[in-house]
Amino acid sequence: MALKERITEDMKTAMRAAEKERLGTVRLLLAAIKQREVDERITLDDGQVLAVIEKMIKQRREAISQFESGGRSDLVAKETAEIGVLQAYLPAQLTPAEIDALIAEAIAATGAASVKDMGKVMGLVKPKAQGRADMGALSARIKQKLG
């Protein structure tokens, strides 16, 4: 079953179970997927759906930091719950050892020697880690290895 179909089925299940918070988050996700499909006039595949999910998680993490600085613990809890629902659609996350192995392999393949070569390394690592690792943390780790 395609990821988009699974999300649609989860929406129906949440409706039947009257899980309002979960239903709201799944509907937001489906709306974001549909919006991108309409804007680009394409049908998203699983990789593109994962990119939409990652973008939504990133937005929520940014919102959490803003709400924490504003002292809005109620909104922090809401955003954290939404992240939990969205993360259920991501594949199993890579372990730090697996990430290090991917980075080492990419550095060896590109012959990267300094931070100037970071784009080459990121270009090789990103497709393999898409949806399975936080890209911000991955970027910082590559910079640390090359630095």
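For the working numbering, count along the sequence shown from 1 and bump the result up by 26. Yeah, the Cβ is synthetic: ideal placement off N, Cα and C, and Gly gets one too.
Classification of residue i by the beta-carbon crowding that lies within 10 angstroms, buried from 16 upward
| i | result |
| --- | --- |
| glycine 145 | exposed |
| threonine 1 | Past the edges of the chain, shown from 27 to 173, lies residue 1, and the structure says nothing about it. |
| arginine 86 | buried |
| alanine 134 | exposed |
| arginine 48 | buried |
| threonine 51 | buried |
| alanine 138 | buried |
| alanine 166 | exposed |
| alanine 43 | exposed |
| alanine 118 | exposed |
| alanine 123 | exposed |
| alanine 57 | exposed |
Sequence-distant residues of its chain with Cβ nearer than 7 Å to residue i (five each side left out)
| i | result |
| --- | --- |
| methionine 163 | The question names methionine, yet the displayed sequence has alanine at residue 163. Correct list: empty, nothing qualifies. |
| glutamate 80 | Gly157 |
| serine 99 | none |
| lysine 171 | Ile129 and Ile133 |
| methionine 148 | Ser165 and Ile168 |
| isoleucine 59 | Lys30, Leu70, Val75 and Val78 |
| glycine 173 | Val141 |
| methionine 41 | Leu49 |
| leucine 150 | Ala132, Ala135 and Thr136 |
Residue range of the alpha helix (DSSP H) that includes residue i
| i | result |
| --- | --- |
| lysine 142 | First-last for lysine 142: undefined, no H or E at that position. |
| isoleucine 109 | 99–113 |
| glycine 157 | Unbroken run through glycine 157: none, as it is neither H nor E. |
| glutamate 63 | 46–66 |
| alanine 118 | Segment: none, alanine 118 is in no alpha helix (DSSP H) and carries neither H nor E. |
| glycine 73 | 72–95 |
Close-in-space but distant-in-sequence residues of the same chain around residue i (CB under 6 Å, 5 per side omitted)
| i | result |
| --- | --- |
| alanine 89 | Glu105 |
Cutoff 8 Å; reference residue i; Cβ partners in own chain excluding five residues on either side
| i | result |
| --- | --- |
| valine 102 | Ile90, Phe93 and Glu94 |
| threonine 34 | Leu56 |
Integer-rounded CB distance, given that residue j should sit under 8 Å from residue i
| i | j | result |
| --- | --- | --- |
| glutamine 113 | isoleucine 83 | 7 Å |
Query raised in the report: Using 8 Å as the Cβ pair cut-off and three pairs as the minimum, do the region 133–149 and the region 103–110 touch?
Result: Verdict: no, contact absent.
**Report entry** Sufficient close CB pairs (3 or more, under 8 Å) joining the region 121–129 to the region 55–73
**Finding:** Cβ pair count under 8 Å is below three, so no.
Query raised in the report: How do the region 28–48 and the region 71–78 stand: do at least 3 beta-carbon pairs fall below 8 Å, yes or no?
Result: Verdict: yes, contact present.
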